[in-house]
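**Student:** Got a structure for you, questions after.
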């Protein structure tokens with residue numbers, strides 16, 4: 002097992018009623034599972050810059066990072082993930098599935114029933130307990 006683990010980011014994007022999610026390609030690790038969009042951080046890259054880069058590469062969108070949320074560490078059989086979620090809003094473009102099987106907007110109740118990766122299931126539970134994350138333009 003990789004004891005250091007993978008450092009990854011993900012974006013929580015909401016329109017006030019729904020949350021944006023992506024389905025992983027079947028050929029990749031955890032293929033077919035749903036996730037919040039994001040990816041691995043490059044060496045020397047800031048977390049907030051990494052999430053912007055990943056969303057641009059995978060979905061052809063530009064986002065504004067609004068807030069970093071509490072991180073999650075999940076151990077799998079052969080690796081550890083250190084997930085750093087960010088609350089983001091789309092500032093340019095409309096998501097395109099450049100690297101995913103499917104993408105879409107879902108109510109929190111729908112997300113809870115979908116086949117998500119373990120770390121993202123933790124995020125869904127946190128969102129439900131908190132009563133959601135603010136929609137685009139809302140202030141905390």
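Numbering (our numbering), first residue to last: 2 to 141.
Think of the CB as a built atom: it goes at the ideal place given N, C-alpha and C, for glycine as much as any other residue.
On a predicted model such as this, the values are computed, not experimentally measured, just so you know.
Please state whether the Cβ-Cβ distance between residue 6 and residue 123 is less than 8 Å.
**Tutor:** no
**Student:** Taking the Cβ atom as the reference point for each residue, do residue 109 and residue 70 lie within a distance shorter than 8 Å?
**Tutor:** no
**Student:** I need the straight-line Cα distance from residue 3 to residue 68, nearest angstrom please.
**Tutor:** Note on residue 3: pLDDT 47, under 50, position unreliable in the model; the coordinate value appears next. Whole-angstrom Cα-Cα distance: 29 Å.
**Student:** Is the beta carbon of residue 37 closer than 8 Å to that of residue 121?
**Tutor:** yes
**Student:** Considering only the beta carbon of each residue, do residue 29 and residue 63 sit closer than 8 Å?
**Tutor:** no
**Student:** Is the CB-CB distance between residue 85 and residue 48 below 8 Å?
**Tutor:** yes
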